[in-house]
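Residue numbers (full-length UniProt numbering), protein chains in the order written: chain A, 1 to 304; chain B, 1 to 304; chain C, 1 to 304; chain D, 1 to 304; chain E, 1 to 304; chain F, 1 to 304.
To start, the structure under review is shown below, and the notes come after it.
6 protein chains.
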Amino acid sequence: MENGTISDKKIEEIQDKAATLIEAIPYIQRFNRKVIVIKYGGSAMLDEELKKDVIQDVVLLKLVGFKPVIVHGGGKEISSWVGKVGMKPSFINGLRVTDEPTMEIAEMVLNRVNKSLVRMVEEQGVHAVGISGKDGGLLKVTKKLSKGQDIGYVGEVKEVHPKILLDLLQKDFLPIVCPIGYDDHYDTYNINADTAACAIARELQAEKLAFLTDIEGVYQDSNDPRTLISELTVSEARKLMKDGCITGGMLPKINNCIEAVENGVNRVHILDGRLAHCLLLEIFTDKGVGTAMLSDDAVSADKI
Amino acid sequence: MENGTISDKKIEEIQDKAATLIEAIPYIQRFNRKVIVIKYGGSAMLDEELKKDVIQDVVLLKLVGFKPVIVHGGGKEISSWVGKVGMKPSFINGLRVTDEPTMEIAEMVLNRVNKSLVRMVEEQGVHAVGISGKDGGLLKVTKKLSKGQDIGYVGEVKEVHPKILLDLLQKDFLPIVCPIGYDDHYDTYNINADTAACAIARELQAEKLAFLTDIEGVYQDSNDPRTLISELTVSEARKLMKDGCITGGMLPKINNCIEAVENGVNRVHILDGRLAHCLLLEIFTDKGVGTAMLSDDAVSADKI
Amino acid sequence: MENGTISDKKIEEIQDKAATLIEAIPYIQRFNRKVIVIKYGGSAMLDEELKKDVIQDVVLLKLVGFKPVIVHGGGKEISSWVGKVGMKPSFINGLRVTDEPTMEIAEMVLNRVNKSLVRMVEEQGVHAVGISGKDGGLLKVTKKLSKGQDIGYVGEVKEVHPKILLDLLQKDFLPIVCPIGYDDHYDTYNINADTAACAIARELQAEKLAFLTDIEGVYQDSNDPRTLISELTVSEARKLMKDGCITGGMLPKINNCIEAVENGVNRVHILDGRLAHCLLLEIFTDKGVGTAMLSDDAVSADKI
Amino acid sequence: MENGTISDKKIEEIQDKAATLIEAIPYIQRFNRKVIVIKYGGSAMLDEELKKDVIQDVVLLKLVGFKPVIVHGGGKEISSWVGKVGMKPSFINGLRVTDEPTMEIAEMVLNRVNKSLVRMVEEQGVHAVGISGKDGGLLKVTKKLSKGQDIGYVGEVKEVHPKILLDLLQKDFLPIVCPIGYDDHYDTYNINADTAACAIARELQAEKLAFLTDIEGVYQDSNDPRTLISELTVSEARKLMKDGCITGGMLPKINNCIEAVENGVNRVHILDGRLAHCLLLEIFTDKGVGTAMLSDDAVSADKI
Amino acid sequence: MENGTISDKKIEEIQDKAATLIEAIPYIQRFNRKVIVIKYGGSAMLDEELKKDVIQDVVLLKLVGFKPVIVHGGGKEISSWVGKVGMKPSFINGLRVTDEPTMEIAEMVLNRVNKSLVRMVEEQGVHAVGISGKDGGLLKVTKKLSKGQDIGYVGEVKEVHPKILLDLLQKDFLPIVCPIGYDDHYDTYNINADTAACAIARELQAEKLAFLTDIEGVYQDSNDPRTLISELTVSEARKLMKDGCITGGMLPKINNCIEAVENGVNRVHILDGRLAHCLLLEIFTDKGVGTAMLSDDAVSADKI
Amino acid sequence: MENGTISDKKIEEIQDKAATLIEAIPYIQRFNRKVIVIKYGGSAMLDEELKKDVIQDVVLLKLVGFKPVIVHGGGKEISSWVGKVGMKPSFINGLRVTDEPTMEIAEMVLNRVNKSLVRMVEEQGVHAVGISGKDGGLLKVTKKLSKGQDIGYVGEVKEVHPKILLDLLQKDFLPIVCPIGYDDHYDTYNINADTAACAIARELQAEKLAFLTDIEGVYQDSNDPRTLISELTVSEARKLMKDGCITGGMLPKINNCIEAVENGVNRVHILDGRLAHCLLLEIFTDKGVGTAMLSDDAVSADKI
């Protein structure tokens, strides 16, 4: 037998929490059984605290009815291991060449990162399965050239065979994918995680594709943080690129977003992975915290 | 295109909300696909604001994976309508006799209350179906006597035929039950809503049975609000009754609780329906806000 | 041990029964798993004997493989209750205005009628579930005006959401629907039972829609009972209306029939509910006992 | 457009038919989805009119929800064909020996009888599948000796492999079985149709097993037709055999009945196949027209 | 405890076997769950050894994932039985007339052949079910005339109702069909086994249709065995017929093949049933052993 | 059009192949849908040719109906990588300590080996999914001590959660498991591949568990290759150990075998992985090529 009463202050505090849960109702209803693909990378993968936040966000999305799929990178860890074994990188057009030994290390490292994410999800009581693009024939690639030159085992996604993902989702697992594929000869290739996430989101006709990045979002004036764009259509994005507002590393990311939206993904989110719980903040609030891209004919009103 | 940035204060506020959602994770996981029967009555049915809170709580429980079933009463409305049509009540042992015309009105009123709850749930975007214990043969009764005397169409639940509830739950509806049953001759009977809820919870082997009442819970000393008991085993409850700590209207309620726990319901909650969101507060916090009864061998540690 | 022999006369009598059962074979085969919507109202709802006959007919239709859905009215009982509570009706264009208190009583009365039908079906050993158009969001309405004037909570069916009916039929229940709906604001509305039955039959693409009425059927010359029409196409019906053969209260009913047939209901039957077992008689005999309406291109030969 | 009215006499006549259909309701409900095995043989197989009646009865039983299985014989046709090809029978203990050529003809004839029954059922619009005990490995036998002597390919059922029957029933076919089996060496054997029907009824745990015979049923005094027994328990049957009331060809039939009842068949019916529609008469009337055997502890009250 | 070692020679021998099994991998994969219809007739049905080979081949095809359906003839056995019973055949246009007594014998004989094939498959441990075109209404026919003259109960397939075949395949049985059908009056007809096989293959959209014949295949020059054609398109076949290379009994067979290919059967094989295991040889080797016909646009490269 | 005839010699050769396929029939039937767990390690993992043979064998087993699960090791590759990064191993009781950096490398290497096996299976046209014991919570461990001393992240399987394996098998994937597990704190542990295979085989109640080793099998006299034991019961194995015939590295392996057999695995095979196609040879021949262990009460006669 336990007893004692609850202070009014405590009750008020808990009722605030109740209110927060109640507020989530329309969002939970809207996304029931919808697929969300999360490209997980950058700072959010390096900081242990942020890592835990991201995993908790994804676990919550799953528990309230979303069907999340994580696609992750692992760039920094690969470089670090390449160094550890004393390999000397070669370059073409300023790009590191992924020769066979490099690919071997990349595969080892990416799979280990993959399993460490599996572990974090499992720790939250949700069952995850970590796969690469070789499992179940998920990601078939062709060699990607750089200005016509061979830079090794770097692949471009040619076909997505989604059966393994659909089966894992149906069986209530959370799939975690590392961006490795195979070509016609079943050779192993590294794939850019952004494009892998994009290809998977298209194939699954995902409701959402979210990129966890190291920027706040897209700016109208990249020198003025007050010009962060919260919502952007495809043609607006194209105009910004044409006008030179979007440049550098953002270009391929924006092109990925456009391609996803034009191929059936309802909304693509560029989020600041350095902001704790950015995923929940974007999805469970009206304005969101990053930049969302949507098709030209999506009415802004039905935001979310 | 929409833009603008979010103030730090706003972000902090939203992150608090994120934290609340994250906190709910273990509770959501624990009750996934579990049945919770909610006896809805008392003040929580009279105050429009509380009514909305209760419905929101139930809707949220459903959205995060519970399978809720509402059983409601309607006492005050019945009396009011009996008056409106100018009927004169008769009494036996101080109890109002439910003669045929009274039963007729009771059935009309309870069904209307039932449909008004259906409406409130539907308004939240969740599909509800309101049934009585006659639908699908759900609640079969025998006449209940008061000290051996006939007090009319007042029934005691004899059999629960749960097919209609199980089918509605399987098809993702929220069932709302009004406590009316039928006897061997298919005559219509009024049933005490507490015992109807109890019988249904037993038959469904519900994880939880929650009574929304007009008291805070069970007290060790009914004159001292500081002695509210938050958790109570069956044998502790029996001792309190023997010691005269539990008296009056609480006695049948406690007996209902004991019977439910002894017949497979995991935990029975006596909640204060006057407290906004009491359902969420009890279920999503460690200590809870009312009194929970559990079997003697349930380890207190696994509270919830 | 029981013994004794059976007289020849008795055997002949029973063989007649066998012959009747055998005769039903082609009809039973033809309608296996087909939906039949029965609008139940008028005298057939007031006379206890007729009531029992109708229910038995519907139960038999269900047992031999039909999927019946009952839609009922309750007009006279509503008026009687409105009187009991001493309400004074107001009128617009000679039509009673359904203000809020009237709607409240109408809902109570219709739901009680609904449950009394549930009871009668259950008594025959078949499981029924009584719902209103608010349950599962079945019947969404817009306000219906009379010559542009507001006559209160009288609705016109705008959308039918058939999931609850399909689920109940799949789970082998007999659904009984009372004609109450909800609008955009989830306010409660009364619906004309004929139009509700018609809308439901269209949505379910019913094989048959049968109206139990207080007339024998449609006459070519309404003064000459020998001119009862047993079968009628849509264009013939239109001609009869144009020629002034169909007038008064029959006009909206015939228009409902036409609309149903033009929207995919195979055959609409106008039956005399005062004739015992009129449903079976119409369905299990070649000529039938009322008027059947069918589309212009339905070949008369494939009657039934 | 067809018109004309119906005479009162006609209506009365049709209402009698309605009454007959209504009377069948409790029987139809009781046997919904229950298996009934019908041993079809004797006169009912020779007279074309009776044949049609039997098939109609079985088809009706199927349409109202039973799951019938027909097991048929073909004795007289076999003898006739053996003669046609000029074979000379040999005998042991007065029993015809089923040598290989005889078995060959028996198999041909029985399969043809089988397909002619299939045809008759198909003609009624119900899909039938004719199989022998060799199909799907249904009936495995051992050689049956007569007083220790080999009488050829006459088998005793050793194992029933019911998968093919269960699959056909599940897929809504009416299975028609001819009593041919196979032994360990996959040689073909003739089986007594009564014992084949009995073995199948046991394996399927049939609700009913009905023998269409050339007698009215079991008599207490075989010389007095007024002593026909309508219901009989296993121990009563044993007593009658002991007392010498049951003799001759009835003995194995009664033993088959006893065995079936003792192995889970609810009720075994011995019917007079010469009486038109005897199946319906036995099943859809209270007293029935033949002799029903049931277990000692079956309460007579729940007849049917 | 058993011991002893294996000689090197033995190991080599077994490894050869392993190699054979390994070689079958791509064929097994390609035909997984595909339907193959086998027209079984001619010498392969008369020689006991060949018979066993054919059955083994079919059983193996089933075990490795094919869904085989056997359609068989029985010509010679029918003639032999017609003689046994002393019937005198009549002829029209040089064709034997299938009068009623002949049809009766044909049905008996074909069903017996059917069950003997069932037995052989069952003996291999695979469950078979033998049906005729009357079972489940499989093959509906119209009377076939010879130059406008009635030659009795000889039918042309008009409709194939494949439910019974699809159900048996789904339930993992091997269906064996004898070519008997029924007309509008449910009279029984003999059907040419080649055309029955062809009609079934079309209806099931079979991957393959294989004819076991008494010839090696199609020759370019029928006098020169070295000109056996291993693969042939529809237009090549038409040209050969036009050029007079294909004549006599081959003409209808080739027309059947063409019709099958043009109606969705992927490949039709004419095989020499006198060659042991010709089915496996054709399917599990690159060149095959008979003549395969395919559509004009099938690329020869993807042979098989 | 392709033509040409086949030489008799060629035909004979192909018929030999047909015979081999036919011989496999009883084995294929016996193991339909049975689980076989293959512990893959030793030389068979180092030699590219043997590797391909093993994969082909497993693929064939899958195609003919088995449900194979591969559990692999990776010992030598781990040591090689530990060297490459210049780590210095520490030892306790002569055993290498698996400290955190070692575990990190082990996980990377094992996962890469895992994916290279996935690739080889996929190359054969069969879909494989490579998982570790962390995915789906498959293998939960406790720390294993060596003579009471901590040797780092070396785990003993405590619980197997087979859902992920059952789901992958149901969805027709070939699961490939690397022997890594997690403890109560979700830390990562290395597991001996033999014991992991054994635990999985027990949990799945596998028909067979096959160890690919670098020995021919178990000998009665380890110095005399002619004393290879082909079949061995548990009690015979125990006696051999007691008598000192089995020693050294064989002891734990034999104990694993005994434990598997005693916990429901039907037969455990110790095979010589250096022998090409040893898996097929053991399973598709009567005597087999290694040592099979079975329970004492398994009758030797039903070998296989």
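Just so it is clear, CB atoms sit at the ideal spot from N, CA and C, and this is done for glycine as well.
Being a predicted model, the structure only gives us computed values, none of them experimental.
Looking at the C-beta of I36 (chain D), does it have a partner C-beta in chain C at a distance below 7 Å? By this cut-off, I36 (chain D) is not an interface position.
Cβ atoms of L228 (chain C) and M293 (chain C): under 7 Å apart, would you say? no
Option nearest T188 (chain D) by Cα separation, candidates D:L61, D:A201 and D:D99: D:D99
How far does the alpha helix (DSSP H) with L165 (chain C) in it extend, from its first residue to its last? K163 to Q170
For I14 (chain F) and H277 (chain E), what's the separation of their Cα atoms in angstroms? 9 Å
Give the residues from the stretch 272-283 of chain A that approach chain B closer than 8 Å (Cβ to any Cβ), ordered along the chain. Answer set for the stretch 272-283 of chain A: L275, A276, H277, L280 and L281.
Quick one: using the 10 Å Cβ neighbour count with 16 as the cut-off for buried, is Q124 (chain A) buried or exposed? buried
Residues near L168 (chain E) by beta carbon distance below 6 Å, same chain, minus five either side: V129 and P175
Does the beta-carbon of T247 (chain C) have 16 or more other beta-carbons within 10 angstroms, so that it is buried, or is it exposed? Residue environment for T247 (chain C): exposed (fewer than 16 other C-beta atoms within 10 angstroms of its C-beta).
Assess contact between the stretch 255-264 of chain E and the stretch 219-226 of chain E, defined as three or more Cβ pairs (one per stretch) separated by less than 8 Å. Is contact present? The stretch 255-264 of chain E is not in contact with the stretch 219-226 of chain E.
Using a beta-carbon distance below 7 Å, is Y153 (chain A) in contact with chain F? no
Can you tell me whether A301 (chain D) is buried or exposed? The criterion is at least 16 other CB atoms within 10 Å of its CB, across all chains shown. For A301 (chain D), the predicted model reports a pLDDT of 42, less than 50, meaning its position is unreliable; a value from the coordinates is still stated below. Exposed is the call here.
Assumed close pair V85 (chain B), I55 (chain B) - CB separation to whole angstroms, cut-off 8 Å: Their Cβ separation, rounded to whole angstroms, is 30 Å, which puts V85 (chain B) and I55 (chain B) out of contact at 8 Å.
Tell me which same chain residues have a C-beta within less than 7 Å of the C-beta of P68 (chain B), skipping the five on either side of it? Closer than 7 Å at Cβ, skipping near neighbours: I36, I38, V58, L61, K62 and L174.
By the 9 Å beta-carbon criterion, what residues does the stretch 125-136 of chain A contribute toward chain F? H127, A128, V129, G130, I131, S132, K134, D135 and G136
List the residues of chain A whose Cβ lies closer than 8 Å to the Cβ of Y182 (chain F), in chain order. R119 and E122
Cross-chain neighbours of K171 (chain B) in chain C, by beta carbon under 7 Å: D167
Among residues of its own chain, excluding the 5 on either side of I304 (chain C), which ones have a beta-carbon nearer than 6 Å to its beta-carbon? Note that I304 (chain C) scores a pLDDT of 38, beneath 50, so its modelled location is shaky; the value from the coordinates is reported in the next line. None.
Continuous alpha helix (DSSP H) stretch holding K253 (chain A): start and end: Run containing K253 (chain A): M250 to E262, per the alpha helix (DSSP H) assignment.
From G288 (chain C) to S43 (chain C), what does the alpha carbon distance come to, in whole angstroms? 20 Å
For the alpha helix (DSSP H) that contains M45 (chain E), what are its first and last residues? From DSSP, M45 (chain E) is part of no alpha helix (DSSP H); its letter is neither H nor E.
Cα-Cα separation between I283 (chain C) and V71 (chain B), rounded to whole angstroms: Cα atoms of I283 (chain C) and V71 (chain B): separation of roughly 41 Å, rounded to the nearest angstrom.
Alpha-carbon to alpha-carbon, V109 (chain D) and W81 (chain D): 8 Å
Just how far apart, CA to CA, sit N114 (chain C) and G41 (chain A)? 60 Å
Mind checking who N190 (chain A) pairs with in its DSSP beta bridge? A:V154 and A:I180
Threshold first: 3 residues or longer. Then list the beta strand (DSSP E) segments lying entirely within the stretch 79-132 of chain C, N to C. 128-132
Taking E122 (chain D) as the reference, give the member of E:S116, E:K140 and E:E107 with the closest Cα. The candidate whose alpha carbon is nearest that of E122 (chain D) is E:K140.
Return the bridge partner residues of Q149 (chain B) from the DSSP annotation. B:S146
So with CB distances below 8 Å, who are the chain E contacts of V59 (chain F)? Within chain E, the C-beta atoms nearer than 8 Å to that of V59 (chain F) come from I25, in chain order.
Opening and closing residue of the beta strand (DSSP E) in which I246 (chain D) lies: Counting along the chain, I246 (chain D) falls outside any beta strand (DSSP E), and DSSP gives it neither H nor E.
Any idea what DSSP makes of V58 (chain D), helix, strand or coil? helix
Between the Cα of R226 (chain E) and those of E:L240, E:A201 and E:G290, spot the shortest distance and give me the residue it belongs to. When only C-alpha atoms are compared, the closest one is E:G290.
Could you please give the first and the last residue of the uninterrupted beta strand (DSSP E) stretch that includes P267 (chain A)? Position check: residue 267 (chain A) holds Arg in this sequence, whereas Pro was assumed. Judged by DSSP secondary structure, R267 (chain A) falls within the beta strand (DSSP E) whose first and last residues are R267 to D272.
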